[in-house]
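Colleague: Chains as they are written, first to last, in full-length UniProt numbering: chain W, 1 to 109; chain B, 1 to 109; chain G, 1 to 109. C-beta atoms are modelled at their ideal positions from N, C-alpha and C, and glycine is treated no differently.
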Amino acid sequence: MKLIVAVVQDKDSNRLSQALVRENVRATKLASTGGFLKAGNTTFIIGIEDERVDPVLNLIRENCKSRQQMMAPMSSMGGNADSYIPYPVEVQVGGATVFILPVERFEQF
Amino acid sequence: MKLIVAVVQDKDSNRLSQALVRENVRATKLASTGGFLKAGNTTFIIGIEDERVDPVLNLIRENCKSRQQMMAPMSSMGGNADSYIPYPVEVQVGGATVFILPVERFEQF
Amino acid sequence: MKLIVAVVQDKDSNRLSQALVRENVRATKLASTGGFLKAGNTTFIIGIEDERVDPVLNLIRENCKSRQQMMAPMSSMGGNADSYIPYPVEVQVGGATVFILPVERFEQF
Ligand code: NI
Ligand code: NI
Ligand code: NI
Chain W
1 MKLIVAVVQD
11 KDSNRLSQAL
21 VRENVRATKL
31 ASTGGFLKAG
41 NTTFIIGIED
51 ERVDPVLNLI
61 RENCKSRQQM
71 MAPMSSMGGN
81 ADSYIPYPVE
91 VQVGGATVFI
101 LPVERFEQF
Chain B
1 MKLIVAVVQD
11 KDSNRLSQAL
21 VRENVRATKL
31 ASTGGFLKAG
41 NTTFIIGIED
51 ERVDPVLNLI
61 RENCKSRQQM
71 MAPMSSMGGN
81 ADSYIPYPVE
91 VQVGGATVFI
101 LPVERFEQF
Chain G
1 MKLIVAVVQD
11 KDSNRLSQAL
21 VRENVRATKL
31 ASTGGFLKAG
41 NTTFIIGIED
51 ERVDPVLNLI
61 RENCKSRQQM
71 MAPMSSMGGN
81 ADSYIPYPVE
91 VQVGGATVFI
101 LPVERFEQF
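1) For the segment 20-35 of chain B, which residues have a beta carbon sitting closer than 8 Å to at least one beta carbon of chain G?
2) Who pairs with P55 of chain G in a beta bridge, going by DSSP?
3) Which of the three DSSP states, helix, strand or coil, is assigned to V89 of chain W?
4) Would you mind giving the Cβ-Cβ distance between M1 of chain G and F106 of chain G, rounded to the nearest angstrom? I have them listed as a contact below 8 Å.
5) Tell me whether R26 of chain W sits in a helix, a strand or coil according to DSSP, three-state version.
6) To the nearest angstrom, report how far apart L20 of chain W and L59 of chain W are at their CA atoms.
7) Keeping to the same chain, check which residues put their C-beta closer than 7 Å to that of E23 of chain W; ignore five residues upstream and five downstream.
8) Contact check, T28 of chain G vs T43 of chain W under 8 Å by CB: the rounded distance?
9) Considering Cα atoms alone, identify which of W:S17, W:E51, W:R67 is closest to V95 of chain W.
10) Does any CB atom of chain G fall closer than 8 Å to the CB of R105 of chain W?
11) Near F99 of chain B, which residues of its chain fall below 6 Å by C-beta distance, leaving aside the five closest residues on each side in sequence?
12) Given that a residue counts as buried once 16 or more other Cβ atoms are within 10 Å of its Cβ, and exposed if not, what is V25 of chain B?
13) Three-state secondary structure (DSSP) at K11 of chain B?
14) Hey, is S66 of chain B's beta-carbon within less than 8 Å of any beta-carbon in chain W?
15) Quick check on the DSSP output: the beta strand (DSSP E) that includes F99 of chain B runs from which residue to which?
16) According to DSSP, A72 of chain G sits in a beta bridge with which residue or residues?
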């Protein structure tokens, strides 16, 4: 048994939740914010048998992988005219940071 | 030293908190939501000496054990006339999912 | 690789966040409340290489160490005249509870 602790961007959180439910993987979500990331993120904790760790990591990779995305000019900046960029820019979105922890004992009541 | 991570239904969360305080067990509560459970839940993290793990697990079992409960007809469904059940039904409430993690080192500042 | 789980008072949370960013340490913050502490607290989870554990613990100690602080009479009590204390009192503030957990595997997507 392992405890997977996965920090994912809010943007990908719902999609990952749905994928986990579809695959019958029980997850608990904790509201979290990052030190670096401006955007909010969600921390998933998932208790899982050893042999299902890799399939769950694949699910997380597929649904949360860091990727480039075009962002429309209007939404790219905070409204300051000086920092306005009049053309679409490519930004990095998504990404997941995942820790796999050993579990010494597991109980369900 | 172990770190107990316990996911319990909000319904049982206050009762467990009070029981832990009574027994002088320090716990931190994280707001959480479940992947499966519709109801909100709370994640307790409890750092505890090895010899107190079993007593704390007993506290969690006593206060959060999954059990059947009669639910009045009016509150059983979402208001859809088709799904209205005109008699009390027994539903499962409570339950706790508990992971016991090894702690390599513990510091208090 | 280790996972540092640090519970700190909200009072010190921003200062610790800034210190971690300055030192290029990635942290995730979880909103949390304590069983004992009346004040809110924040739980930091920090994944870190083994050799950086001690520097990070030093940062936490420097920014969150438990300490005495004088509290003005007006703010010391809840507004009840009976419990009003007409002189400054020294109260204990801050403090951090820190668990260092072994990490079996770490992935970034
Ligand atoms: Ni195992
Ligand atoms: Ni121990
Ligand atoms: Ni290591």
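Modeller: In brief:
1) L20, V21, V25, R26, A27, T28, K29, L30, A31
2) According to DSSP, which records beta bridges pairwise, P55 of chain G is partnered with nothing at all.
3) strand
4) 5 Å
5) coil
6) 7 Å
7) L59
8) 6 Å
9) In the sequence under discussion, the amino acid at residue 95 of chain W is Gly, which differs from the Val named in the question. Of the candidates W:S17, W:E51, W:R67, the one whose C-alpha sits nearest the C-alpha of G95 of chain W is W:R67.
10) no
11) V5
12) buried
13) helix
14) yes
15) 96-102
16) In the DSSP output, where bridge partners are listed per residue, A72 of chain G has none listed.
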